[in-house]
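Once you know that position 330 of the sequence shown is 329 in numbering that gives the first Met the number 0, the rest is easy, because the numbers rise by one and skip nothing.
Just so it is clear, CB atoms sit at the ideal spot from N, CA and C, and this is done for glycine as well.
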Amino acid sequence: MSKPTMVEDKNAKSQLIFAATCDLAGKVRGKAFPKSDLERRLKRGMGWVPTNVQINCFDGIGETPFGALGDLLLIPDQGGAVSADFGSYTEHFMLSDIMTLEGEPWDFCTRAILKSALSRLEHLSGVRLISAFEQEFQLKRELGLIGEGFGRSGFEMHRPLCETLIEQIHAAGFSPDSIMKEYGPNQYEVVIAPEEGVRAADAAVIIKELTRSTARFHGEDATFTPIRDPASVGNGVHMHMSFLNADNSPATYDADKPYGMSDLTGAFAAGILKYLDAIIAITAPSVVSYLRLTPHRWSAAFNNLGFRDREASLRICPVTAKEPTDIARQYNIEYRAADAAACPHLALAAVVHAGCQGIEEGLPAPTPTEEDLSLLSASELTDRGFVRLPESLEPLSAFKSSGLIQASF
Ligand code: GLU
Ligand code: MG
């Protein structure tokens, strides 16, 4: 499978490119144009409508201040172009920016929101964010496979699908890290190497779309729902983050600090935990998100920073490197209280803004936990400053009453 260049194709008049935006509900929406018009569309975009931002994931339209008024442009970005060749057909789509007719980024464009969070971080501390999204999904068709958590049979059953997906991820310009049969029924996980800035969230959207397309190609149906069965495990989205200085040296690690957290990482992590009750409305935005965020599902259940703990909202990940410079480069923290009901750009923006708040307030690094917090009594939790994550969409009210976080957006 080779990646066709968009200009070379012979039937550019009949082929369509889908100009796409990942909306507030994490859905990829947009409009298609003939491939032969690409040059023009790169400059002029496609017409788009403000009220589209209020379409929810069930196609209902929330209360809208825009009504039937106004016009916007979806401007395709060459950097977000994907041509997924499935042999007898190719799916072309391009992630796009929503701009005003005057050519300014629109306030509700999720890519623009992330760009502004990243530039806040860079202005504040001189670092650029590197991140990688680990995404879990389930195939809906029942194969009657049981006992296949991390199983080879469970993997082999869908080896062709996994191999097509990895090939598509390569062709889209990303570096696949691994793919596996996860613990849950029909559950798989796909991981790629980190990317810088907005491209990391673009990659998360693109890989989700490629997963759905690849599943369809193989006669399957993939779901990224936060949880399918409350009696089982959920599908998480884990965001791994690290920082680079202007000279590309890593800024996340400091061998002389507890748990290796640089002062920057410590303050960033503390900001995330301090504002977690508000930002979780963005990173886990659906009603079912809160069935996943419960103890003993290896998701996240408390507002803690865990040291190598897979139930913490924020985790210091293990490092396998041995050389000091490699350790510093590999060291990263992982936000686990997110799922695929969230737009990756918005989720990352929310976490970055909360982290920036921590840096601005000069918060001290949180003390990492290395234990099962669900075993602590209510008073022990309170004494140590831990709270259970919300058990319903109640964080919407925390978000609404958090002036600082709201102002970030
Ligand atoms: N399925 C778990 C979640 O919902 C994650 C399991 C793991 O990869 O640690 O986040
Ligand atoms: Mg996993």
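Alpha-carbon spacing of residue i relative to residue j, whole angstroms
i, j, result
"A283", "E155", "32 Å"
"T319", "L362", "29 Å"
"I271", "H91", "36 Å"
"R413", "S35", "Residue numbering for the chain in the displayed model covers 0 to 408; residue 413 lies beyond these limits and cannot be assessed."
"A269", "G357", "6 Å"
"E370", "H352", "28 Å"
"T366", "L304", "7 Å"
"A131", "P294", "24 Å"
"S95", "I54", "18 Å"
"L345", "E310", "23 Å"
"G143", "P184", "9 Å"
"D201", "L375", "39 Å"
"A340", "S288", "8 Å"
"R335", "S13", "43 Å"
"A18", "S378", "53 Å"
"Y400", "L392", "The displayed chain sequence assigns Ser, not Tyr, to residue 400. Approximately 14 Å, taken between the alpha carbons."
"D22", "R110", "9 Å"
"G79", "I178", "22 Å"
"S301", "P229", "At residue 301 the sequence reads Phe, which differs from the Ser that was named. Those two C-alpha atoms are separated by around 19 Å."
"A199", "L313", "18 Å"
"A280", "E135", "20 Å"
"M0", "T89", "With a pLDDT of 45 at M0, under the threshold of 50, the modelled position of this residue cannot be trusted; read the value that follows with caution. Using only the alpha carbons, I get a separation of about 11 Å."
"A299", "H239", "14 Å"
"T213", "I205", "12 Å"
"I74", "I97", "6 Å"
"E166", "F173", "10 Å"
"F149", "H217", "21 Å"
"D338", "L100", "33 Å"
"L164", "H157", "11 Å"
"L37", "S82", "13 Å"
"L72", "E359", "35 Å"
"I145", "G196", "40 Å"
"L117", "V350", "10 Å"
"D58", "V52", "11 Å"
DSSP state of residue i mapped onto helix, strand, coil
i, result
"S1", "Its pLDDT being 47, under 50, S1 is placed unreliably by the model, and the measurement read from it follows with that caveat. Coil at S1, not helix or strand."
"L71", "strand"
"K139", "coil"
"R325", "Residue identity check: residue 325 is Asp in the sequence provided, not Arg. Looking at D325 - three-state DSSP - the assignment turns out to be helix."
"A19", "strand"
"K180", "strand"
"P175", "strand"
"P249", "strand"
"A349", "helix"
"G59", "coil"
"A340", "coil"
"A111", "helix"
"E7", "Interpretation of E7 is limited by its pLDDT of 49, a score under 50 that renders its predicted location unreliable; the figure taken from the coordinates is listed afterwards. E7 falls in the coil class under three-state DSSP."
"P193", "coil"
"P317", "coil"
"V126", "coil"
"H169", "helix"
"E370", "coil"
"R309", "coil"
"P33", "strand"
"Q405", "helix"
"Y334", "strand"
"I206", "helix"
"A269", "helix"
"E90", "strand"
"Y258", "helix"
Cβ-Cβ separation, residue j to residue i (assumed contact under 8 Å), whole Å
i, j, result
"Q137", "R227", "6 Å"
"N10", "G125", "Not confirmed; about 48 Å, so no contact."
"I332", "I315", "6 Å"
"I410", "A348", "Lying before the first or after the last residue shown, residue 410 is absent from the chain, which here runs from 0 to 408."
"Y330", "S248", "Going by Cβ atoms, the distance from Y330 to S248 rounds to 13 Å, so no, they are not a contact pair."
"I278", "I129", "Contact flag wrong, Cβ pair sits at about 20 Å."
"G354", "F267", "4 Å"
- Starting from the N-terminal end, write out each residue whose C-beta falls within a distance shorter than 6 Å of any non-hydrogen atom of ligand 3. Within the structure as shown, ligand 3 is missing, the only ligands being ligand 1 and ligand 2.
- Query: Mind listing, in chain order, the residues whose beta carbon lies closer than 5 Å to a non-hydrogen atom of ligand 1?
  - Reply: V232, G233, G235, W297, S298 and R309
- Task: May I ask you to verify whether the stretch 216 to 228 touches the stretch 99 to 112, counting CB pairs closer than 8 Å and requiring at least 3?
- Result: no
- Task: Indicate whether the contact test is met: 3 or more Cβ pairs, each with one atom in the stretch 245 to 264 and one in the stretch 178 to 195, closer than 8 Å.
- Result: no
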